[in-house]
Structure formats: C-alpha cells, structure tokens
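Down below is the structure, laid out as structure tokens.
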Amino acid sequence: MLAKFDYYDAIAHVIPGTVACLFILYALDILGMSLPRISEGSLAQVGIGVAVAYTVGHLLQGLASSLEPLYYFAWGGKPSVMLLERPSQQFSDAQRRELIKAMVRYFGFSEECPANARKRGGYYQRLFERGMALCNREKLGRLEPFVTSYAFHRVLLTTFLMGFLVSVGLELSRILQKLQIHTDKLGVLRFLLVATAAGTAIEFFRARKRAYYYAREVLWMTADHLRACTNTSEKQPTK
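Note that the working numbering gives residue 186 to position 185 of the sequence shown, counting from 1, and the numbers run on in steps of one.
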C-alpha cells in the first residue's frame, strides 16, 4: 500500500508541484522579490521543499479537476463518450454497437438511449461508468497506470497553462507600463513565455492521448470480460 501511495504521489503531486514552485521562484525573481531562506540545514530544506511541492501539487490537482470540462470541450468531447458515440480506430461501428448492446444487457440498463445529442452523451457516460466500476471491482486490465498517467499529464497541462497566463500577464503589464521590470530580467520573462507556451501545447495533446488510452482500456477490458461471461454461459450444459 505504501509503495502504491508513494508512486502516485511522486508522479501526480510532487513533480508538478516542484515545477510550479520553480515557476513561482522565477516569477518572484522577475518582480524583484525573494522568499526568506531556510537556515536549518540542507536536510531540512529538502524536507520542507518536498512538503511544499506536495501541497502545491495537491492544489494543482484540484484546479485541474475543475478545469477538466474545459479540456474536454477543447478536445472535442469526453473520450469515454466519444469512443461509445462514434466509430474510431479502437472500435469499428459494428464493434461499438455490439459492445453497447452487450453492456446494456449485462448491466440490466433499462434506460433508453436518448435521441437528443447532449442527453445521449450523458447516457454513454453512465454506461462507461458501469464498465469502469466493473473493471475496478474485478481488477481487470491495467487501469491504475493509465489513470495515473492521465492525472499526471492533466496536472502538467494545468501547471504550464497557469504559468503561461501569468507570464502573459507580466508581459502585458510591462508593455502597458503598469509594471516596471529590470532589463536584465527580460530574458527570464521571455524564456518563461516560450517554455510555458511550449509546455502547454505539448501537454494539451499528451493529456488528450492519455485520456483516450484510459477510456480505451476500460472499454477493451469490459468487452473481454463480457465476452468471457457469454462464452462461459453458453458452454454450461442445460439441465
């Protein structure tokens, strides 16, 4: 249990929190400000640094969860819904329809698929959540690495996006002469603009890909389980 906790926290909290703390230090340096130094020794500094990065990472994860609907909109829809709603490289139209029928039959889904596109998305999401619960209960597939990877890239996207917005704000304030920045700090500001813009663009696509990987794993494992259950029931002798 401890190893699992450490792995997830290192990936999804400490690393993004560390990146955010570095950005904050650079931003404060651009503004001519600095944080008080810790004089308790290098070990204490490392301990406090990890604690601060972990806390910042937690806050960023909360912010990333709040921004998730915005990310889904920018990605063209929720991956879990998109895979069930239309044909894709992962599922042909025939495979998709067969999977939906099997899931409706297995879960005893009495709800009819709505004709309205928006309501239909909610229907597919509820069906996907049943499959996700099945995978978690039966420990199917490798969901934990997929969801951890998605959470990591989602929070990195949020970290770079926040950094980019702050950098743009500083640059605009300088251009509009609302903020005075020393000329020797302009290089740092422009580096942050380029680095956070590149990081946001890269993580936008990587987080989207990881979200699709996770949704695909859930549906693949659900399909395999339902197929195995059907074959088992067919092989049982009739009394």
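Even for Gly, the Cβ is constructed at its ideal location relative to N, Cα and C.
Buried/exposed call for E139, threshold 16 Cβ in 10 Å: Indexing the sequence shown from 1 puts residue 139 at position 138. With fewer than 16 other Cβ atoms within 10 Å, it is exposed.
Inter-residue Cα distance where the pair is A199 and A134: Position 198 of the sequence shown, counting from 1, holds the residue named residue 199. Position 133 of the sequence shown, counting from 1, holds the residue named residue 134. One C-alpha to the other measures close to 36 Å.
Beta-carbon separation of Q90 and H14 under 8 Å? To locate residue 90, count along the sequence shown from 1; it is residue 89. To locate residue 14, count along the sequence shown from 1; it is residue 13. No.
Where F161 and L32 are concerned, what is the direct C-alpha to C-alpha distance, given to the nearest angstrom? Here residue 161 refers to the residue found at position 160 of the sequence shown. Here residue 32 refers to the residue found at position 31 of the sequence shown. C-alpha of F161 to C-alpha of L32: approximately 19 Å in a straight line.
If the criterion is Cβ atoms closer than 8 Å, does the pair Y27 and V189 meet it? By one-based count along the sequence shown, residue 27 stands at place 26. By one-based count along the sequence shown, residue 189 stands at place 188. Using a Cβ distance threshold of 8 Å, Y27 and V189 count as a contacting pair.
W221 (DSSP reduced to helix, strand or coil): The residue given as residue 221 occupies position 220 in the sequence shown. When DSSP states are grouped into helix, strand and coil, W221 belongs to the helix group.
Excluding the five sequence neighbours on either side, which residues of its own chain have a C-beta within less than 8 Å of the C-beta of T239, listed in chain order? What you label residue 239 is simply residue 238 of the sequence shown in a count that begins at 1. At T239, the pLDDT of 49 sits below 50, so the modelled position is not reliable; the number obtained from the coordinates is stated separately. Residues of the same chain with their beta carbon placed closer than 8 Å to that of T239 are lacking, with the five preceding and five following residues left out of the count.
Which runs of the alpha helix (DSSP H) fall wholly inside the segment 93 to 122 and span at least 4 residues, in chain order? If we require 4 residues or more, the alpha helix (DSSP H) runs fully inside the segment 93 to 122 come out as 94 to 108.
If you draw a straight line from the C-alpha of G164 to the C-alpha of A21, how long is it? Mapped onto the sequence shown, residue 164 falls at position 163. Mapped onto the sequence shown, residue 21 falls at position 20. Going from the Cα of G164 to the Cα of A21 covers about 8 Å.
Pairwise C-alpha distance: C136 and R209: Start at 1 with the first residue of the sequence shown, and residue 209 comes out as number 208. Start at 1 with the first residue of the sequence shown, and residue 136 comes out as number 135. Pairing R209 with C136, the inter-Cα distance amounts to about 21 Å.
In or out: K79 buried (at least 16 other Cβ within 10 Å) or exposed? Taking the first residue of the sequence shown as 1, we reach residue 79 at position 78. The residue in question, K79, is buried, as its Cβ has 16 or more Cβ neighbours within 10 Å.
Span separating the alpha-carbon of G50 from that of L177: Indexing the sequence shown from 1 puts residue 50 at position 49. Indexing the sequence shown from 1 puts residue 177 at position 176. Rounded to the nearest angstrom, the two C-alpha atoms are 35 Å apart.
I need the DSSP call for P88, collapsed to helix, strand or coil. For this step, residue 88 is matched to residue 87 along the sequence shown. In this structure, DSSP gives P88 a state outside helix and strand, which the three-state scheme calls coil.
Considering only residues of the same chain and omitting the five flanking positions on each side of E204, which have a CB-CB separation below 7 Å? Residue mapping note: residue 204 aligns to position 203 of the sequence shown, counting from 1. Residues of the same chain with a CB within less than 7 Å of the CB of E204, apart from the 5 flanking positions on each side, are H154, L157, L158 and F161 in chain order.
Taking buried to mean at least 16 other C-beta atoms within 10 Å of its own C-beta, is M104 buried or exposed? Here residue 104 corresponds to residue number 103 of the sequence shown, with the count starting at 1. Result: buried.
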